[in-house]
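Undergrad:
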Amino acid sequence: MKKTIWKWLTAAGYFVLLTGCHSNMRAFAAEAAAGSRLEAAPAGAEEPGENGELVVDSRAGCRRLLMETVSAATGPGRHEIFVTGKDYEPETLVIAQIFPETVNISNTKTAEYEKDGHRYVTCRIGFERRNGPGSGEPEQEDGSSFWSVGDVQTLGIGGRKYRFRCVDENYGDANSNHERNALFLCETVIRSDIGSSGEQRIVLPFGETNNYKRSQVRDWLSRNLDPDNRELAAVRTGVNYAFEGKTADGAFGDFLDSDLKGRRLPIQVSDDRLFLLSLEEALRYRETLWTLSGGTGPYRRGYWLRTPVYLERDGRFVDGDLVYAVDAERGCIRPASVTDGEIGIRPAFCLPQAW
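Going left to right, the sequence shown walks through residues 694 to 1048 as my numbering numbers them.
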């Protein structure tokens, strides 16, 4: 297997070192005998980094490199490749798009540095081939998942990269729309002062009311999602329930569902590719609510949910100024004012389980 990968990538313009039984791969730029690069080298590829890893400076170059690398990897074992992005952080969405038999995809940032006015980010990208071409196993046609719980992806939001982890490989949205999607939840809370500059502090509130469809956080997520992320599935995010009550302080994930009482609302129609969890979803994924990378602090002491607190006037639900939030410091789910500047954003997205 190692010999096959080496020959394949060398022909494509890379030199590959394979070490260990897991086929750990470091890709280096290879030169032709005459000293010029082979034509098959990926678009955007530059000279090797300081540690020998291949440097890419664009999303297209990274996608080309990963497509060629995964194509060359055979067998069901785990494979890893180190890639450095120049003014760009390598992404891995293309692996599952093009190779549905690939599972346990990971993308771990191992180094970040600046040189000659450029920012370099090195990532260790890993994957496993399951029931795919050359694996020695028959391909399955039983609807097996491409994405699995624990898989990690990076996503560009507002010019920054964030890590998302799969928490559900069979996600159904608010309208019971089961379309074989995998739900990914951000591992960090985005600070509410994300739009601030060195001279001015700008805090993003939930909105003027608790109506998520018209909220400022929904608008911010829509405007700041990297336009290249067309792979994300459109999810129905209309709010179907409002709630009353709160969970006990310090309960964290060990709260009682009876602490919260839901009331059905008229159907609300809205679709998003990047969105906040609802309170119903927070109950479903309670084990992950307080697992945060980077901890908490000013402007991210918790994060918004998209579910309003129930308010009735003349026998009908009306928008109010309280919406639910996960309080990461107090360890509870509670109502919060829509103007609370200490609450941040923890977005989620879905990827299709089939293309």
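All C-beta atoms in this analysis are idealised placements derived from N, C-alpha and C, irrespective of residue type, glycine included. Source: prediction; values computed, not measured.
Looking at the structure shown, is T762 part of a helix, part of a strand, or coil, going by DSSP?
TA: Three-state result, T762: helix.
Undergrad: Output the distance between the C-alpha atoms of E1005 and L949, rounded to the nearest integer angstrom.
TA: Taking the straight line from one Cα to the other gives about 25 Å.
Undergrad: May I ask you to list the residues that DSSP assigns as paired with L1044?
TA: According to DSSP, L1044 bridges with A875.
Undergrad: State the Cα-Cα distance for the pair T940 and G888, rounded to the nearest angstrom.
TA: Cα to Cα, T940 sits roughly 31 Å from G888.
Undergrad: From the DSSP secondary-structure annotation, give me the bridge partner or partners of W997.
TA: In the DSSP output, where bridge partners are listed per residue, W997 has A1018.
Undergrad: Can you name the residues that DSSP bridges to K802?
TA: Looking at the DSSP assignment, K802 forms a beta bridge with C816.
Undergrad: Can you list, in chain order, the residues of its chain whose CB lies under 6 Å from that of D952, leaving out five sequence neighbours each side?
TA: For D952, where only same-chain residues beyond five positions count, the Cβ hits under 6 Å are G938, T940.
Undergrad: Exposed or buried, which one is I850 when buried takes at least 16 other CB atoms within 10 Å?
TA: That one is buried.
Undergrad: For I791, which of helix, strand or coil comes out of DSSP?
TA: Looking at I791 - three-state DSSP - the assignment turns out to be helix.
Undergrad: Could you tell me the distance, in whole angstroms, from the CA atom of S828 to the CA atom of R822?
TA: Caution applies to S828, whose pLDDT of 38 falls short of 50 and renders its modelled position unreliable; the value that the coordinates give is listed next. Whole-angstrom Cα-Cα distance: 7 Å.
Undergrad: I need the DSSP call for L982, collapsed to helix, strand or coil.
TA: Correct three-state label for L982: coil.
Undergrad: Which same chain residues, not among the five before or five after L897, have their C-beta less than 7 Å away from its C-beta?
TA: Once the five neighbours on either side are set aside, the close Cβ partners of L897 are S885, I887, G888, Q909, V910, W913.
Undergrad: Around the C-beta of Q1046, are 16 or more other C-beta atoms found within 10 angstroms, so that it is buried, or is it exposed?
TA: Classification for Q1046: buried.
Undergrad: In the structure shown, what three-state DSSP assignment does V910 receive?
TA: Correct three-state label for V910: helix.
Undergrad: Between the C-alpha atoms of G1024 and G995, what's the straight-line distance to the nearest angstrom?
TA: Roughly 9 Å between the two C-alpha positions.
Undergrad: Please report the Cβ distance between A927 and R873, rounded to the nearest whole angstrom; I am assuming they are in contact, meaning their Cβ atoms lie under 8 Å.
TA: Actually they do not touch by this definition, with Cβ atoms about 14 Å apart.
Undergrad: Assuming A1021 and T989 form a contact by the criterion Cβ under 8 Å, report the distance between their Cβ atoms to the nearest whole angstrom.
TA: Yes, they are in contact, since the Cβ atoms of A1021 and T989 sit about 5 Å apart, within 8 Å.
Undergrad: Assuming I1026 and W997 make a contact with CB atoms under 8 Å, what is their CB distance in whole Å?
TA: Incorrect: roughly 11 Å between the Cβ atoms, too far for contact.
Undergrad: Would you report the Cα separation of D861 and R977, rounded to the nearest angstrom?
TA: Their Cα atoms are separated by approximately 10 Å.
Undergrad: Kindly list the residues whose CB is nearer than 6 Å to the CB of C879, restricted to its own chain and excluding five residues on each side of it in sequence; keep chain order.
TA: Around C879: Y855, F857, R1039, P1040.
Undergrad: How about F820 and T795: are their beta carbons less than 7 Å apart?
TA: Contact flag set, yes.
Undergrad: Entirely within the stretch 902 to 977 and at least 3 residues each: give me those beta strand (DSSP E) ranges in chain order.
TA: Those beta strand (DSSP E) runs which fall completely within the stretch 902 to 977 and span 3+ residues are 934 to 938, 953 to 957.
Undergrad: Based on the DSSP secondary-structure assignment, which residues constitute the bridge partners of P1028?
TA: The partner list for P1028 (beta bridge, DSSP) reads Y1017.
Undergrad: State the beta-bridge partners of T847 as determined by DSSP.
TA: DSSP output for T847 lists R856 as bridge partner(s).
Undergrad: E784: which of V749, A766, S764, K808 sits nearest, CA to CA?
TA: The shortest Cα separation from E784 among V749, A766, S764, K808 belongs to V749.
Undergrad: Is the distance from the Cβ of L969 to the Cβ of F1010 below 7 Å?
TA: No, these two residues do not count as a Cβ contact at 7 Å.
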